[in-house]
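Student: Going by this note's numbering, the letters in the first sequence line up with residues 86 to 313, in that order.
Below is the structure I would like to discuss, written out as structure tokens.
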Amino acid sequence: MNYDTLTITEATKIQNQLREEIRIRERNFPIDIIAGADISFNKFSTTVYAGIVLLRFPSLLPVAYSLVKKEVLFPYVPGYLAFREVPALLGAWEQLAVKPDLLVVDGHGIAHPRRMGIAAHFGVLAQVPAIGCAKKVLCGGYEEPGLQQGSESPLIYKDEVVGVALRTKNAVKPVYVSPGHKMDVPGAVEVMKQCLGRYRIPEPTRLAHNTVNLFRTGELSEGYHEVG
DNA sequence: GCGACAG
DNA sequence: ATCTTGTCGC
86 MNYDTLTITE ATKIQNQLRE EIRIRERNFP IDIIAGADIS FNKFSTTVYA
136 GIVLLRFPSL LPVAYSLVKK EVLFPYVPGY LAFREVPALL GAWEQLAVKP
186 DLLVVDGHGI AHPRRMGIAA HFGVLAQVPA IGCAKKVLCG GYEEPGLQQG
236 SESPLIYKDE VVGVALRTKN AVKPVYVSPG HKMDVPGAVE VMKQCLGRYR
286 IPEPTRLAHN TVNLFRTGEL SEGYHEVG
């Protein structure tokens, strides 16, 4: 798959088309393996380092990870992040010997102007339940959640609850959680609350971020690796 | 027209 | 996103 030559107009059409495939509904499956996905790159470089980390649930202990390096020309444009990151992530996905029951992607799910954030986009293409966990808001508004860890406040866009601002640690900036595919807002939040550890960023995405950075700096190699 | 704007 | 030193607070 290659999105590099798309214009924004064409990318928008793809989003509007893929949106028909999104299924926002109550979770109806158990979670034994959860995963985190992220990419890393050097500023001004077209090389991206993508990775997916598998962790046992609910222990959150890492069990394996898949790393892929790829050239990407599509630029970062707010609202079109998926066109830049999804192709590389799909490469990492195909390399997995075991697929997770659920994937957490660094970015938004349906908390997106066209309800097609990267988590929704990837979830539909890979046909996997997905949740978006972003560090910043793309669209919508919310009231500041309580300062206590676990406090949440609905993220609203055009009168619709598209996600929540979730306080992952006491008195620390919240993260923004939204379902991507085969999940709903309450379900996505419920799962993410079970992914909280010692840091602001929930474990799946935090481990994925650390892993792709080690990959980019040459401390880990491309491929599928089991941990331990 | 103006401001906002995932990674 | 990445780079990067110091500073504030639990």
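Note that CB positions come from ideal geometry on N, CA and C, so glycine has one too.
This structure is a prediction, so every number in the text was calculated from the model and none was measured.
Rounding to the nearest angstrom, what Cα-Cα distance links Val246 and His197 in this structure?
Tutor: The residue given as residue 246 occupies position 161 in the first sequence. The residue given as residue 197 occupies position 112 in the first sequence. Computed Cα separation, rounded: 11 Å.
Student: Using the Cβ count rule (16 or more neighbours within 10 Å means buried), how would you classify Lys267?
Tutor: For this step, residue 267 is matched to residue 182 along the first sequence. Lys267 should be labelled buried.
Student: Where DSSP assigns a beta bridge to Thr132, which residues make up the other side?
Tutor: Here the question's residue 132 lines up with position 47 in the first sequence. Paired residues: Glu156.
Student: If you draw a straight line from the C-alpha of Arg200 to the C-alpha of Arg301, how long is it?
Tutor: Walking along the first sequence from the start, residue 200 turns up at place 115. Walking along the first sequence from the start, residue 301 turns up at place 216. Cα to Cα, Arg200 sits roughly 31 Å from Arg301.
Student: CA-CA distance, Asn298 and Ala177?
Tutor: Stepping through the first sequence from its first residue, residue 298 is reached at position 213. Stepping through the first sequence from its first residue, residue 177 is reached at position 92. Answer to the nearest angstrom: the Cα atoms are 15 Å apart.
Student: Alpha carbons only, please: which of Ala293, Tyr309, Asn87 is nearest the one belonging to Gly192?
Tutor: Looking up residue 192 in the first sequence gives position 107. Among Ala293, Tyr309, Asn87, the Cα nearest to that of Gly192 belongs to Ala293.
Student: Grab me the residues of Val257's own chain with a C-beta within less than 7 Å of its C-beta, minus the 5 sequence neighbours each way, in chain order.
Tutor: For the purposes of this step, residue 257 is taken as the residue at position 172 of the first sequence. These residues qualify, in order along the chain: Arg285.
Student: Which of the three DSSP states, helix, strand or coil, is assigned to Val209?
Tutor: Position 124 of the first sequence, counted from the start, is the residue given in the question as residue 209. In the structure shown, Val209 sits in a helix (DSSP, three-state: H, G or I).
Student: Could you tell me the alpha carbon to alpha carbon distance between Val276 and Gln100, rounded to whole angstroms?
Tutor: Counting from 1 along the first sequence, the entry for residue 276 is found at position 191. Counting from 1 along the first sequence, the entry for residue 100 is found at position 15. Each residue's alpha carbon lies about 26 Å from the other.
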